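Engineer: Once you've had a glance at the structure underneath, I'll fire off some questions.
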Amino acid sequence: MSTPEEVQEQLAALRANYQIRLNSDLADLHQTALELSESLDDHVRLKTLRDGLHRIAGSAGSFGCASIGLRCRDYEQRTQMWLDSSATPEAVRMLELCQGLSVLKSELEQMTKGGEEASAADVDVPALDSPVRISLVGSESSEHRGIADALEGFGYAVTLDSNPKALAQGGARPDVVIAGYQSLDPELSALFEPKGAPALILLDRTDSFDRRLEAVRHHAKGYFVYPIDIPRLEARIRRLASRHTQDPYRVVIVDDDVELSEHFRLVLEGAGIDSRVVNEPSHIVAALRDHLPDILIVDINMPGCSGPELAQVLRLDDDWLKVPIIYLSAETDQDRRALAMRQAGDDFLAKPIGDGELVSAIKVRAQRSRQLSEALERDGLTGLMKHAALKEQLEIEVSRAQRMDAPASVVMIDIDRFKSINDTYGHATGDYVIRLLANLLRRRLRKLDTVGRYGGEEFVAILPNCSLKDAERIFNEIRLNFSQLDCVAGKESFRVSFSAGIAPIGPSSHGEQVLEAADQAMYEAKTGGRNQVRLAGSAD
3 MSTPEEVQEQ LAALRANYQI RLNSDLADLH QTALELSESL DDHVRLKTLR
53 DGLHRIAGSA GSFGCASIGL RCRDYEQRTQ MWLDSSATPE AVRMLELCQG
103 LSVLKSELEQ MTKGGEEASA ADVDVPALDS PVRISLVGSE SSEHRGIADA
153 LEGFGYAVTL DSNPKALAQG GARPDVVIAG YQSLDPELSA LFEPKGAPAL
203 ILLDRTDSFD RRLEAVRHHA KGYFVYPIDI PRLEARIRRL ASRHTQDPYR
253 VVIVDDDVEL SEHFRLVLEG AGIDSRVVNE PSHIVAALRD HLPDILIVDI
303 NMPGCSGPEL AQVLRLDDDW LKVPIIYLSA ETDQDRRALA MRQAGDDFLA
353 KPIGDGELVS AIKVRAQRSR QLSEALERDG LTGLMKHAAL KEQLEIEVSR
403 AQRMDAPASV VMIDIDRFKS INDTYGHATG DYVIRLLANL LRRRLRKLDT
453 VGRYGGEEFV AILPNCSLKD AERIFNEIRL NFSQLDCVAG KESFRVSFSA
503 GIAPIGPSSH GEQVLEAADQ AMYEAKTGGR NQVRLAGSAD
């Protein structure tokens, strides 16, 4: 048996060999992306790019390159979206992907020179998410200009198009179209029918069931009546714009039939559903904690532990009450099916089941599961994580940082003089300012970061693999950006700032301790003059 020192040497050798191969793979993918930027409709090459990104996303974390793996996963999801929709990628987005791969290659070279993984915050990786593009069509009225100004304040790229038919004349396609009801005609509404088409929101001066039904028949995804409630409109835009960029649905399959469960996994993976198989029921809790599924698929008849028994075991733990359990079984006896459903099940699918039927059934149920989870865990005003869910996520990140011996930081943010904003401009404007900061935090932080609304005008950000120094730099940049935004209140505009405190996650930290330290640092920033960032334990 190898000694611990020998094991470490072997692991180091494997890591070095992998990084050499990874360097070559990133170079190949960068070249493929460059070639795609010259031939955007080459779906064979696009699939090659997707496959290469998938391989790195699945392996990089095991060899000390977690941040590279996470970003390759993000890039993979984007290429998969193009493949699924048979859409031709826009040249600018493909070039952005090229730039992202080039930065990853540079980061890897830094990492191999330094002997350790660089902090994800050390490298300014270009975001693939360009601003959501909105076209306001049908009128250039002062009302539309006011809507455009407000939405631009949230970070959207807005254009005013007086001619609705300009949308069909080529050029950069918007992500969302906001149109007056009167501007609709069959030619225009046909633009919103195909899969992957822009989302349509209608504005109307009349509110009736018949008008709303007509809006649905024109493929509208939103309907608002004047005077327009801007925060509600922005919330709908955000949901519509994120339709194609959400994380893949996650599924855990529990079945003692190894070959069949692997077949199900491959079918679901092929449809873009991140799936994991558990053949031994006693391993289920570890799989759930690791994978955090939207759906759990369980066979009814398994030796040693039946599906209903397993479901009831899971329902003993509050952590898994929200995960829907779907029985997938060849059981044909209606009474036994009904009994299984009464024993902690939520739905039933019968074997044998066609591949297409399986995918369709799981997607529908996973979408509903995620919608319900978000309704419970997400703040209605900002769409960010709520207080309770945020604290749960903090404990997960504390455990992960300590297990990986990696730096991590927690940031407490509070909008300065928020009460005076409410007193001066009203609570609707106060809500607008909260949403403005939430949107800025969402756009400026990485996908692996967690940001939530802690309460009132307070926010918390959790930054894995990020040192105090990097966190301070990032939040000073965000603070400066926020303080330069023009907030709109009717015909007036004003500017706002925030104060922030940052605390590290240490080797013996608990989530509550870190939050208290960040909160104390934020309090020092407030009493020290506001509009600044303080580190926990730092001197004035």
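So the sequence shown is numbered by the numbering used here: it starts at 3 and just counts up by one.
The beta-carbon is built from N, C-alpha and C at its ideal position, and this holds for glycine as well.
All values reported here derive from a predicted model rather than from experimental measurement.
1) Tell whether a beta-carbon distance below 8 Å holds between H544 and S185.
2) Using a Cβ-Cβ cutoff of less than 8 Å, which residues in the same chain neighbour S39 once the five nearest sequence positions on both sides are dropped?
3) I need the straight-line Cα distance from D258 to S308, nearest angstrom please.
4) Taking DSSP's pairing of strands, which residues face G503 in a bridge?
5) Starting from the Cα of P310, find the closest Cα among A346, E109, L330, L318 and give me that residue.
6) Can you tell me where the alpha helix (DSSP H) with S371 in it begins and where it stops?
7) Where does F484 sit, in a helix, a strand or coil, going by DSSP?
8) Could you have a look at P283 and say whether DSSP puts it in helix, strand or coil?
9) Consult DSSP for K528 and reduce its assignment to one of helix, strand or coil.
10) Between which two residues does the alpha helix (DSSP H) carrying T81 extend?
11) How is I299 classed by DSSP in three states: helix, strand or coil?
12) Of all the options G102, L85, N483, which has the alpha carbon lying nearest to the alpha carbon of V46?
13) Would you call the CB atoms of R52 and T81 closer than 8 Å?
14) Considering only C-alpha positions, which residue in the set Y456, D209, I504, R147 is nearest to V490?
15) Using a Cβ-Cβ cutoff of less than 8 Å, which residues in the same chain neighbour M387 once the five nearest sequence positions on both sides are dropped?
16) Distance, Cα to Cα, Y427 vs V435?
17) By Cβ distance below 6 Å, which residues in the same chain neighbour L298 in space, the five residues on each side in sequence not counted?
18) Can you tell me where the beta strand (DSSP E) with P310 in it begins and where it stops?
19) Near I275, what residues of its chain come up, given a Cβ to Cβ distance below 8 Å and the 5 sequence neighbours on each side ignored?
20) Put M387 into one of helix, strand or coil per three-state DSSP.
21) So, helix, strand or coil for T161, using DSSP?
22) What does DSSP give as the partner residues of T452 in its beta bridges?
23) Give the DSSP bridge partners of F496, in chain order.
24) Nearest CA to the CA of L482: which residue from A35, L442, A199?
25) Which same chain residues, not among the five before or five after A473, have their C-beta less than 8 Å away from its C-beta?
26) List, from N- to C-terminal side, the beta strand (DSSP E) runs of 3 residues or more that fit wholly inside the region 196–269.
27) List the whole-angstrom C-beta distance separating P506 from L470, where the pair is believed to meet the contact cut-off of C-beta under 8 Å.
28) In angstroms, rounded to a whole number, what distance separates the CA positions of V178 and S88?
29) Would you check if the distance between the CB atom of I180 and the CB atom of I136 is smaller than 8 Å?
30) If you reduce the DSSP assignment to three classes, tell me which class F156 lands in.
31) Name the two residues that bound the continuous beta strand (DSSP E) containing F350.
32) Any idea which residues DSSP pairs L276 with across the strands?
33) Please go through the same chain and pick out, in chain order, the residues whose beta-carbon is closer than 6 Å to the beta-carbon of D131, but skip the five residues on each side of it.
34) Per the DSSP calculation, L330 is bridged to which residue(s)?
35) With H, G and I counted as helix, E and B as strand and the rest as coil, what does DSSP make of L138?
36) Can you list, in chain order, the residues of its chain whose CB lies under 7 Å from that of S501, leaving out five sequence neighbours each side?
Structural biologist: Here's the rundown:
1) The question about residue 544 has no answer, for the chain in this structure spans 3 to 542.
2) Looking up residue 39 in the sequence shown gives position 37. Closer than 8 Å at Cβ, skipping near neighbours: A93, M96, L97, C100.
3) Counting from 1 along the sequence shown, the entry for residue 258 is found at position 256. Counting from 1 along the sequence shown, the entry for residue 308 is found at position 306. Each residue's alpha carbon lies about 10 Å from the other.
4) By one-based count along the sequence shown, residue 503 stands at place 501. Note: G503 sits in a beta bridge opposite M414, R536.
5) Within the sequence shown, residue 310 is the residue found at index 308, counting from 1. Selected option, being the one with the closest Cα: A346.
6) Here the question's residue 371 lines up with position 369 in the sequence shown. That run of the alpha helix (DSSP H) goes 357–379.
7) What you label residue 484 is simply residue 482 of the sequence shown in a count that begins at 1. Note: F484 maps to helix in three-state DSSP.
8) One-based indexing of the sequence shown puts residue 283 at position 281. Helix at P283.
9) Numbered from its first residue, the sequence shown carries residue 528 at position 526. In this structure, K528 counts as helix in the three-state DSSP scheme.
10) Stepping through the sequence shown from its first residue, residue 81 is reached at position 79. Boundaries of the alpha helix (DSSP H) harbouring T81: 68–87, taken from the DSSP string.
11) Residue numbering aside, residue 299 sits at position 297 when the sequence shown is read from its first letter. Looking at I299 - three-state DSSP - the assignment turns out to be strand.
12) Working through the sequence shown from its first residue, we reach residue 46 at position 44. When only C-alpha atoms are compared, the closest one is L85.
13) Looking up residue 52 in the sequence shown gives position 50. Looking up residue 81 in the sequence shown gives position 79. Yes; because the gap between Cβ atoms is below 8 Å, this pair is in contact.
14) If you number the sequence shown from 1, residue 490 lands on position 488. It is R147 whose Cα lies nearest to the Cα of V490.
15) Indexing the sequence shown from 1 puts residue 387 at position 385. For M387, where only same-chain residues beyond five positions count, the Cβ hits under 8 Å are E379, R380, D381, Q395, T452, V453, G454, R455.
16) Taking the sequence shown and counting its residues from 1, one reaches residue 427 at position 425. Taking the sequence shown and counting its residues from 1, one reaches residue 435 at position 433. If I take the Cα positions, the gap works out to 11 Å.
17) Here the question's residue 298 lines up with position 296 in the sequence shown. Taken in chain order, the residues that qualify are V254, V325, I327.
18) Walking along the sequence shown from the start, residue 310 turns up at place 308. Taken as a continuous stretch (DSSP letters only), P310 belongs to no beta strand (DSSP E), being part of the alpha helix (DSSP H) at 309–317.
19) Residue mapping note: residue 275 aligns to position 273 of the sequence shown, counting from 1. Once the five neighbours on either side are set aside, the close Cβ partners of I275 are P250, Y251, R252, V253, V361, I364, K365, A368.
20) What you label residue 387 is simply residue 385 of the sequence shown in a count that begins at 1. Correct three-state label for M387: strand.
21) If you number the sequence shown from 1, residue 161 lands on position 159. T161 falls in the strand class under three-state DSSP.
22) On the sequence shown, residue 452 is found 450 positions in, with the first residue counted as 1. I464, per the DSSP bridge assignment.
23) Taking the sequence shown and counting its residues from 1, one reaches residue 496 at position 494. DSSP, once it has assigned bridges, lists C489 as partnering F496.
24) Sequence index remark: in the sequence shown, residue 482 carries index 480 (1-based). Considering only alpha carbons, the answer is L442.
25) On the sequence shown, residue 473 is found 471 positions in, with the first residue counted as 1. Taken in chain order, the residues that qualify are A123, S411, V413, L465, I504.
26) 201–206, 222–227, 252–256, all fully within the region 196–269.
27) Taking the first residue of the sequence shown as 1, we reach residue 506 at position 504. Taking the first residue of the sequence shown as 1, we reach residue 470 at position 468. The pair is a contact, with the Cβ atoms about 5 Å apart (cut-off 8 Å).
28) Within the sequence shown, residue 178 is the residue found at index 176, counting from 1. Within the sequence shown, residue 88 is the residue found at index 86, counting from 1. About 20 Å.
29) The sequence position of residue 180 within the sequence shown is 178, counting from 1. The sequence position of residue 136 within the sequence shown is 134, counting from 1. Yes, these two residues count as a Cβ contact at 8 Å.
30) In the sequence shown, the residue the question calls residue 156 occupies position 154. Correct three-state label for F156: coil.
31) In the sequence shown, residue 350 corresponds to position 348, counting from 1. 349–352 is the span of the beta strand (DSSP E), which, as asked, contains F350.
32) For the purposes of this step, residue 276 is identified with residue 274 of the sequence shown, where counting begins at 1. For the sequence presented, residue 276 should be read as Asp rather than Leu. Beta-bridge partners assigned by DSSP to D276: R252.
33) Locating residue 131 in the sequence shown gives position 129, where the first residue counts as 1. Confidence is the limiting factor: at D131 the pLDDT is only 48, short of 50, which leaves the residue's position unreliable and the question unanswerable from this model.
34) Within the sequence shown, numbered from 1, the residue matching residue 330 stands at position 328. L330 is bridged to L351.
35) By 1-based counting over the sequence shown, the position of residue 138 is 136. Note: L138 maps to strand in three-state DSSP.
36) The sequence position of residue 501 within the sequence shown is 499, counting from 1. Same-chain partners within the cutoff: D416, D418, M524, A527, K528, R532, N533, Q534.
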